[in-house]
Amino acid sequence: MSTTNPLSRRGFLTAGGVAGVTGLVAGAGSAGIQPRYNVRIDGPTRKGAVIGGSENVELPPFAVRVLNKMGFGPARRELGTVAAGDPDVIMATGFENLTSSFATQDDVAHFLALGSNDNERLANYVDEQLDPDLDDSAFEQQFAQYDYSTLSDPLSTAFSDRECADFGTYDRPRREVEMAAFFRATYSRRQLFELMVDFWHNHLNVYAFLDRDIRVSFASWDRDIIRRHAFGNFYKMIVRSARHVTMLRYLDNFVNGDDGINENYCRELFELHCMGAENYAGNARQRDVEVLPENPYAALNDPELENPSLGFLADPTLEIAKFYVDDDVLEAAQAMSGWRYEDLSNASPGNCGSGLFYADEDAHISDATKAVLTAGVAAIPSNLDAETEGRLICKLTAYHPGTATYVARKLCTRLISDNPPQSVVDAAAQTFFDNRRAGDQIAKTLRTILLSDEFKDAANYGAKIKRPFEYIVSVLRAGGCQHDFRVGENDSEDFLNRFDDTAQELFTWRTPDGFPDYRGHWQGASNLVQCWRTIDWAFDEDFEDQDRFMRAVSITRLNINGNPSARRIVEFWCNWLFGFTPAGSWAGTAGTLYQNAPTTAGRVGLQFMTQQGFGGENDAAIYPADEPIDRDDLKTNSFPFYWHQRLIGLVKLLAWSPQMLQR
Amino acid sequence: MKKHRINLPRRRFLAGAATGLSAGALGGVGLGFSQRVKAGVNVQTKLLVYIFLRGGMDGLSFMIPTAGANHTNYFNARQATYVDPSQPLDLFGSGFGLHPFCPDLHQISSRVAFIHACGHPLDALTRSHFDAQEEIELGTPGEQSSQNGFIARYLQTIAHDPEAIFTAMAANSSTPVSLAGYSDVATLESPSGFSPNSGRYADTHLIMLNELYNGAGELDLAGQATVEAVELINSFDLDNYSSADPAHPYPNTGIGRDLALIAQLWGLNLGISAATVDKGGWDTHTFQNVLNPNGGFGRNVSEVSEAVRAMYSDLAARGRGDDLAIIIQSEFGRQVSENGNFGTDHGFGNPMVVVGRLVNGGVYGTFPGIATAERQGDAVVPTTDFRDVHATVFDRIMGKGGDIGTIFPDPNYSYTPVGFA
Chain S
1 MSTTNPLSRR GFLTAGGVAG VTGLVAGAGS AGIQPRYNVR IDGPTRKGAV
51 IGGSENVELP PFAVRVLNKM GFGPARRELG TVAAGDPDVI MATGFENLTS
101 SFATQDDVAH FLALGSNDNE RLANYVDEQL DPDLDDSAFE QQFAQYDYST
151 LSDPLSTAFS DRECADFGTY DRPRREVEMA AFFRATYSRR QLFELMVDFW
201 HNHLNVYAFL DRDIRVSFAS WDRDIIRRHA FGNFYKMIVR SARHVTMLRY
251 LDNFVNGDDG INENYCRELF ELHCMGAENY AGNARQRDVE VLPENPYAAL
301 NDPELENPSL GFLADPTLEI AKFYVDDDVL EAAQAMSGWR YEDLSNASPG
351 NCGSGLFYAD EDAHISDATK AVLTAGVAAI PSNLDAETEG RLICKLTAYH
401 PGTATYVARK LCTRLISDNP PQSVVDAAAQ TFFDNRRAGD QIAKTLRTIL
451 LSDEFKDAAN YGAKIKRPFE YIVSVLRAGG CQHDFRVGEN DSEDFLNRFD
501 DTAQELFTWR TPDGFPDYRG HWQGASNLVQ CWRTIDWAFD EDFEDQDRFM
551 RAVSITRLNI NGNPSARRIV EFWCNWLFGF TPAGSWAGTA GTLYQNAPTT
601 AGRVGLQFMT QQGFGGENDA AIYPADEPID RDDLKTNSFP FYWHQRLIGL
651 VKLLAWSPQM LQR
Chain G
1 MKKHRINLPR RRFLAGAATG LSAGALGGVG LGFSQRVKAG VNVQTKLLVY
51 IFLRGGMDGL SFMIPTAGAN HTNYFNARQA TYVDPSQPLD LFGSGFGLHP
101 FCPDLHQISS RVAFIHACGH PLDALTRSHF DAQEEIELGT PGEQSSQNGF
151 IARYLQTIAH DPEAIFTAMA ANSSTPVSLA GYSDVATLES PSGFSPNSGR
201 YADTHLIMLN ELYNGAGELD LAGQATVEAV ELINSFDLDN YSSADPAHPY
251 PNTGIGRDLA LIAQLWGLNL GISAATVDKG GWDTHTFQNV LNPNGGFGRN
301 VSEVSEAVRA MYSDLAARGR GDDLAIIIQS EFGRQVSENG NFGTDHGFGN
351 PMVVVGRLVN GGVYGTFPGI ATAERQGDAV VPTTDFRDVH ATVFDRIMGK
401 GGDIGTIFPD PNYSYTPVGF A
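Structure representation (structure tokens):
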């Protein structure tokens with residue numbers, strides 16, 4: 001039989017005022033059926049020994065660390081400031097900034113202006129990033145110039161216009177979402193928002209190529225489910241995702257009915273969307289599972305859960321299981337039967353459907369009571385309508401304390417480290433749990449994580465590598481991307497085709513668990529080479545090649561007056577791409593050998609720019625590190641120096657470096 | 001056409017060789033592999049190929065009950081997924097027939113073991129894809145704390161030739177859990193366009209990339225491995241390989257190309273001892289399409305059958321058939337009763353298949369029956385611990401009988417040979 005927690009309910013109340021979610025989930029008695037493990041570790045500990053990241057990386061200052069963790073890295077428009085140092089060292093402050101029109105847009109400078117110390121700046125930056133009214137008008141105007149019209153089409157319009165049409169037409173909404181993801185992540189000031197949109201797209205993963213209905217409805221999915229709730233309320237995101245055609249189709253709940261139960265959606269509702277495998281107790285009997293010390297729904301003030309005719313699931317005397325088992329999934333699947341969407345098959349001739357949700361009461365299994373997370377007690381009464389009963393299932397799962405810890409752990413994994421400290425997971429879970437009915441539940445949870453000591457801790461920097469989407473976008477941002485992404489435009493399409501060779505073509509992860517979020521998955525040679533190839537593609541091989549996105553020689557010439565030396569160029573580009581200059585510079589003092597440069601990036605960059613030590617037979621002639629290079633020669637690719645390609649080659653190398661890849 | 005991608009491991013010996021890699025010492029990029037490969041590294045190994053059918057294959061549609069009570073119960077449980085007993089290919093008069101789209105596999109059935117109702121032990125059953133796959137690949141049913149996969153542990157029992165270029169490969173973009181914890185894995189998905197920069201400065205770029213990642217951190221090793229992979233792969237002619245048995249060419253399917261790539265690289269004698277292949281598309285909750293040659297289950301089984309036979313015949317024709325064992329497994333079977341959507345939901349017990357010239361073809365294990373009372377949660381009850389099948393391969397084909405306790409360290413597990421080899 002079920003066991004009770006040794007701590008009385010009163011003990012919780014007096015200790016913490018509110019029952020702690022940590023207490024609710026962890027550390028109760030060991031009797032009763034347990035999950036197979038408490039913490040899901042599929043990170044580097046599973047994939048190989050954790051040696052840590054690269055040894056060849058300089059720790060960035062706080063501002064740069066924050067910008068790399070809370071978004072897609074700093075967009076550079078102006079050189080970052082550096083401490084005064086050896087006058088012989090070429091410091092970033094020595095560069096002339098001629099791009100005054102961009103000065104206000106430099107992310108590092110912006111962050112530094114937000115306060116007088118790191119904590120103050122971070123608090124203000126988090127406030128700004130979570131502010132729904134954050135001014136993003138510059139990007140919005142840029143975006144509005146192009147045809148992204150399906151992104152604002154109502155779902156029913158998307159269906160009626162596209163469901164019966166040709167491939168290009170019915171795929172257009174999905175393609176616009178994919179293209180816009182790059183456009184937005186590259187330019188939007190709402191960096192945390194775009195990062196979280198990516199997070200929720202993976203948390204509620206959908207394989208967008210599965211079916212025409214999904215392609216057609218994907219803009220609505222992105223807008224009405226993911227973006228609308230990315231900072232909002234978790235339960236609302238879950239219940240609305242469950243009703244949305246995209247999810248109904250992807251996980252088959254649209255065919256779950258009294259003529260045949262289909263548990264696919266409900267299994268993932270428990271295992272991936274809400275409670276997580278860490279709270280799965282397998283094939284055990286419901287009544288054998290350990291129960292929570294108190295009913296976690298009791299204090300919610302949710303009218304439906306307190307409604308006696310709906311089973312009074314908030315009854316403080318009702319025992320709620322700590323973990324879920326197979327029978328919870330099966331009974332939930334019965335409860336969620338009959339959820340449908342208007343499709344071709346049930347629309348009139350000539351009508352291509354609307355994709356809109358409806359409940360088919362004939363297909364709903366209403367004649368049975370159901371036990372879902374209630375320790376074997378069939379607390380959900382019979383004869384409820386399909387919509388109400390399904391909603392109850394979403395509440396039982398989304399409001400469960402196991403969901404708080406599982407979702408908090410995933411968020412911390414995204415924002416801090418592949419193996420985030422349990423302390424910050426607990427704190428985030430508590431915030432998540434305490435705000436289950438708050439409209440800004442997710443924003444509050446993010447605030448807990450982002451203002452935590454664990455997030456600020458420099459020791460947690462470099463604990464992750466950027467996934468291809470983050471990696472490539474971060475290079476575009478730092479490299480001064482000058483391209484407006486739009487569907488059907490050759491260069492944008494070429495870019496996406498190249499990016500799709502990385503291991504992260506967006507929205508194409510087939511299984512419902514989403515793209516993995518641990519470094520081991522992404523640091524294989526196959527993925528790294530394709531990421532590097534994408535970066536290679538994105539820089540102009542010839543001066544001002546308009547078919548490419550980044551013009552490194554132009555940026556160099558805009559920011560450095562006169563004829564720069566190779567060392568000066570290396571120093572400039574390290575600062576520009578990485579967002580800072582370490583004490584003592586990247587490339588060393590004038591007159592010193594490249595081998596003695598104080599950083600790996602500076603040493604490698606300088607050797608490449610001067611082509612020393614390659615035996616003189618690789619491509620181009622050597623050139624002294626501190627000899628001026630005619631600024632106009634930088635525009636040309638002529639024997640023997642091939643300066644344009646050499647300078648571009650330097651920038652690519654730096655963009656390929658571990659300094660750029662870690663976050 | 002499936003895109004191939006490639007990922008090679010950091011080879012162990014490279015740590016020693018790295019000192020010779022300073023850019024100044026190199027005239028052109030010579031990281032060392034091309035020459036050795038061209039000169040021929042004579043590292044003959046046995047090869048384990050592990051094919052994982054991801055999603056939960058419906059075993060009752062693969063080994064189909066064609067007689068007696070099993071057929072009657074199967075008939076009563078299935079409609080859209082039912083296959084008439086006249087169609088399956090007879091398996092040794094066992095009362096079970098192979099799916100009719102598997103004639104290739106059937107033709108070599110004297111060298112194929114079909115083991116009934118394999119799965120987790122009864123106290124560790126799970127219907128979660130994640131749990132089931134994880135625990136099978138870790139080789140630890142009911143437990144997920146292991147740091148390495150069962151193939152990784154097998155590989156660690158082998159005294160690999162120090163000349164080996166790499167000793168395991170995955171025909172995938174990342175390492176599967178069965179190889180977790182083993183650092184010497186090449187993940188290979190495609191041979192073409194495998195270079196960060198193929199234009200001017202391509203060579204100095206590779207040398208400098210190696211310098212950027214020249215530390216001992218995890219990411220440094222990954223970066224070095226990538227650079228090495230670029231050179232190694234570009235030294236192979238990977239697009240022109242064909243079977244030594246022209247009557248059974250590799251099919252132009254994902255699994256066909258994967259097995260051909262494995263056969264080719266293994267044939268180069270680089271030292272590969274194990275390779276993994278994933279084939280998805282088995283989670284047939286709706287429209288299972290059991291007998292559709294163009295899609296769904298029907299096409300899936302025919303692709304597996306054709307590709308496996310091609311590899312078997314290729315290596316046999318090359319005189320290396322005795323060195324090959326192929327294991328085919330899925331994380332669980334599906335429910336006996338069809339659902340309302342012409343598909344099937346997650347079940348438990350499921351057949352496993354082992355192919356090789358050292359295999360005595362036949363049907364093994366115990367079929368527990370599928371009368372309603374014989375099922376658990378409407379699923380086939382497992383009667384053979386899946387580890388027994390793996391262990392029999394390691395013991396009888398790979399010559400590792402003394403290492404079973406290392407490969408499957410659970411003290412509560414005792415190995416029972418299955419008898420197919």
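Protein chains in written order, with this note's numbering: chain S, 1 to 663; chain G, 1 to 421. Here a beta-carbon is modelled for each residue, glycine too, at the ideal position from N, C-alpha and C.
- [ ] Select from A566(S), E128(S), N435(S), D211(S) the residue whose C-alpha is nearest the C-alpha of A404(S).
- [x] Start at 1 with the first residue of the first sequence, and residue 404(S) comes out as number 404. Minimum Cα distance to A404(S) is reached at N435(S).
- [ ] Indicate whether at least one CB of chain S lies closer than 9 Å to the CB of D220(G).
- [x] Stepping through the second sequence from its first residue, residue 220(G) is reached at position 220. Taking 9 Å as the CB threshold, D220(G) lines the interface with chain S.
Open item on the list: I want to verify the contact list: residues of chain S whose CB lies under 7 Å from the CB of F194(G), in sequence order.
Closed with: Position 194 of the second sequence, counted from the start, is the residue given in the question as residue 194(G). Neighbours of F194(G) in chain S, taken as residues whose beta carbon is under 7 Å from its own, are V529 in chain order.
Open item on the list: Can you pull the chain G neighbours of T405(S), defined as C-beta to C-beta under 8 Å?
Closed with: Here the question's residue 405(S) lines up with position 405 in the first sequence. When 8 Å is used as the limit between beta carbons, T405(S) is near no residue of chain G, the shortest such separation being about 17 Å.
Open item on the list: Just to confirm before moving on: does the CB-CB distance between V227(G) and F194(G) stay below 9 Å?
Closed with: For the purposes of this step, residue 227(G) is taken as residue 227 along the second sequence, with counting starting at 1. For the purposes of this step, residue 194(G) is taken as residue 194 along the second sequence, with counting starting at 1. Going by beta carbons, V227(G) and F194(G) fall outside the 9 Å limit.
Open item on the list: Here's the rule I'm using: 16 or more other beta-carbon atoms within 10 Å means buried, otherwise exposed. How should L261(G) be labelled?
Closed with: Here residue 261(G) refers to the residue found at position 261 when the second sequence is read from its first residue. Counting C-beta atoms within 10 angstroms of its own C-beta, L261(G) has 16 or more neighbours from the protein chains shown and is therefore classed as buried.
Task: Sub-9 Å separation of A117(G) and P417(G) beta-carbons - done: Here residue 117(G) corresponds to residue number 117 of the second sequence, with the count starting at 1. Here residue 417(G) corresponds to residue number 417 of the second sequence, with the count starting at 1. Not a contact, by the Cβ cut-off of 9 Å.
TODO: Starting from A325(G), follow its DSSP beta bridges and name the residues at the other end.
DONE: Locating residue 325(G) in the second sequence gives position 325, where the first residue counts as 1. Paired residues: L48(G).
Task: Entirely enclosed beta strand (DSSP E) segments - the region 202-273 of chain S, minimum 3 residues - done: Runs of the beta strand (DSSP E) inside the region 202-273 of chain S: none found.
Task: Assigned secondary structure, G356(G) (DSSP; H/G/I helix, E/B strand, else coil) - done: Position 356 of the second sequence, counted from the start, is the residue given in the question as residue 356(G). Assigned with DSSP and collapsed to three states, G356(G) falls in coil, not helix or strand.
- [ ] Throw me the rounded Cβ distance for the V380(G) and V354(G) pair, which I believe falls under 8 Å.
- [x] By one-based count along the second sequence, residue 380(G) stands at place 380. By one-based count along the second sequence, residue 354(G) stands at place 354. About 19 Å separates the two Cβ atoms, so there is no contact after all.
Open item on the list: With three or more C-beta pairs closer than 8 Å as the rule, is the region 283-295 of chain S touching the region 236-248 of chain S?
Closed with: The region 236-248 of chain S is not in contact with the region 283-295 of chain S.
TODO: Identify whether F455(S) lies in helix, strand or coil by the three-state DSSP scheme.
DONE: Locating residue 455(S) in the first sequence gives position 455, where the first residue counts as 1. Note: F455(S) maps to helix in three-state DSSP.
TODO: Please report how far the alpha carbon of R320(G) lies from the alpha carbon of G181(G), in whole angstroms.
DONE: Your numbering for residue 320(G) matches position 320 in the second sequence. Your numbering for residue 181(G) matches position 181 in the second sequence. Those two C-alpha atoms are separated by around 29 Å.
Open item on the list: Can you check whether the C-beta of F236(G) is within less than 9 Å of a C-beta belonging to chain S?
Closed with: Numbered from its first residue, the second sequence carries residue 236(G) at position 236. False, the Cβ-Cβ gap to chain S never drops below 9 Å.
- [ ] Have a look at G488(S), D484(S), L192(S) and flag the residue whose alpha-carbon is nearest the alpha-carbon of E140(S).
- [x] Position 140 of the first sequence holds residue 140(S). Considering only alpha carbons, the answer is D484(S).
Task: Cβ neighbour criterion (16 or more within 10 Å) applied to E361(S) - done: For the purposes of this step, residue 361(S) is taken as the residue at position 361 of the first sequence. Its Cβ having fewer than 16 others within 10 Å, E361(S) is exposed.
TODO: Mind listing, in chain order, the continuous alpha helix (DSSP H) runs of no fewer than 4 residues lying wholly within the region 601-658 of chain S?
DONE: For the region 601-658 of chain S, whole alpha helix (DSSP H) runs of length 4 or above, ordered along the chain, are 643-656.
Task: Short CB-CB distance (under 9 Å) between S128(G) and chain S - done: Residue mapping note: residue 128(G) aligns to position 128 of the second sequence, counting from 1. Under the Cβ distance rule, S128(G) counts among the residues neighbouring chain S, one pair being separated by less than 9 Å.
Task: Residues near G30(G) in its chain [Cβ-Cβ closer than 7 Å; skip 5 each side] - done: Indexing the second sequence from 1 puts residue 30(G) at position 30. Its pLDDT being 45, under 50, G30(G) is placed unreliably by the model, and nothing is read from it.
Task: beta strand (DSSP E) runs wholly inside the region 149-191 of chain G, at least 3 long, in chain order - done: List check, beta strand (DSSP E) in window: 168-170, 185-188.
Task: Buried or exposed by the 16-neighbour rule on C-beta atoms within 10 Å, applied to M660(S) - done: On the first sequence, position 660 is the one that residue 660(S) refers to. So M660(S) ends up on the buried side.
TODO: Give every residue of the same chain whose Cβ lies closer than 8 Å to the Cβ of K665(S), excluding the five residues on either side of it in the sequence, and list them in chain order.
DONE: Residue 665(S) falls outside the range modelled here, since chain S spans only 1 to 663, and no answer is possible.
Task: Element boundaries [beta strand (DSSP E), containing I115(G)] - done: Here the question's residue 115(G) lines up with position 115 in the second sequence. For I115(G), the uninterrupted beta strand (DSSP E) run begins and ends at 112-119, by DSSP.
Open item on the list: Using a Cβ distance threshold of 8 Å, determine whether the region 143-153 of chain S contacts the region 167-187 of chain S, with at least three qualifying pairs required.
Closed with: Taking 8 Å as the limit for Cβ pairs, the verdict is that the region 167-187 of chain S does touch the region 143-153 of chain S.
Open item on the list: Which residue wins for smallest C-alpha separation from D536(S), given the options H120(G), N412(G), F52(G), H205(G)?
Closed with: Position 536 of the first sequence holds residue 536(S). Out of H120(G), N412(G), F52(G), H205(G), H205(G) has the C-alpha closest to the C-alpha of D536(S).
TODO: Mind checking the region 103-122 of chain G against chain S and listing, in chain order, the residues whose C-beta falls within less than 9 Å of any C-beta there?
DONE: With the criterion set as a beta carbon lying under 9 Å from some beta carbon of chain S, the region 103-122 of chain G has no members that meet it.
- [ ] Put V144(G) into one of helix, strand or coil per three-state DSSP.
- [x] Position 144 of the second sequence, counted from the first residue, corresponds to residue 144(G). Per the sequence shown, residue 144(G) should be read as Gln rather than Val. Three-state result, Q144(G): coil.
- [ ] Determine the chain G residues that contact G73(S) at a beta-carbon separation under 7 Å, and present them in chain order.
- [x] Locating residue 73(S) in the first sequence gives position 73, counting from the first residue. Contact note: G73(S) does not reach chain G at a C-beta cutoff of 7 Å; the least C-beta distance is about 17 Å.
Open item on the list: If you follow the alpha helix (DSSP H) that I207(G) is in, where does it begin and where does it stop?
Closed with: Counted from its first residue, the second sequence places residue 207(G) at position 207. First-last of the alpha helix (DSSP H) with I207(G): 202-212.
Open item on the list: Closest to R375(G) by C-alpha separation, out of L221(G), N73(G), S94(G), would be which residue?
Closed with: The residue you call residue 375(G) lines up with position 375 of the second sequence. Checking every option, the nearest Cα to that of R375(G) belongs to N73(G).
- [ ] Within the same chain, show all residues whose beta-carbon is closer than 6 Å to that of L130(S), passing over the 5 residues directly before and after it, in chain order.
- [x] Walking along the first sequence from the start, residue 130(S) turns up at place 130. A443.
TODO: Go ahead and pull the three-state DSSP assignment for L313(S).
DONE: The residue labelled residue 313(S) in the question sits at position 313 within the first sequence. In this structure, L313(S) counts as coil in the three-state DSSP scheme.
Open item on the list: Based on DSSP bridge pairs, tell me the residues matched to K370(S).
Closed with: Numbered from its first residue, the first sequence carries residue 370(S) at position 370. Beta-bridge pairing links K370(S) to I380(S).
TODO: Check distances from the C-beta atoms of the region 252-280 of chain S to those of chain G and list, in chain order, the residues that come in under 7 Å.
DONE: Near chain G, meaning a CB-to-CB distance below 7 Å, the residues of the region 252-280 of chain S are D252, V255, G257, D259, G260, I261, N262, E263, N264, E271, A277, Y280.
- [ ] Determine the DSSP secondary structure at D90(G), reduced to helix, strand or coil.
- [x] Residue 90(G) sits at position 90 when you count from the first residue of the second sequence. Residue state, collapsed to three classes: strand.
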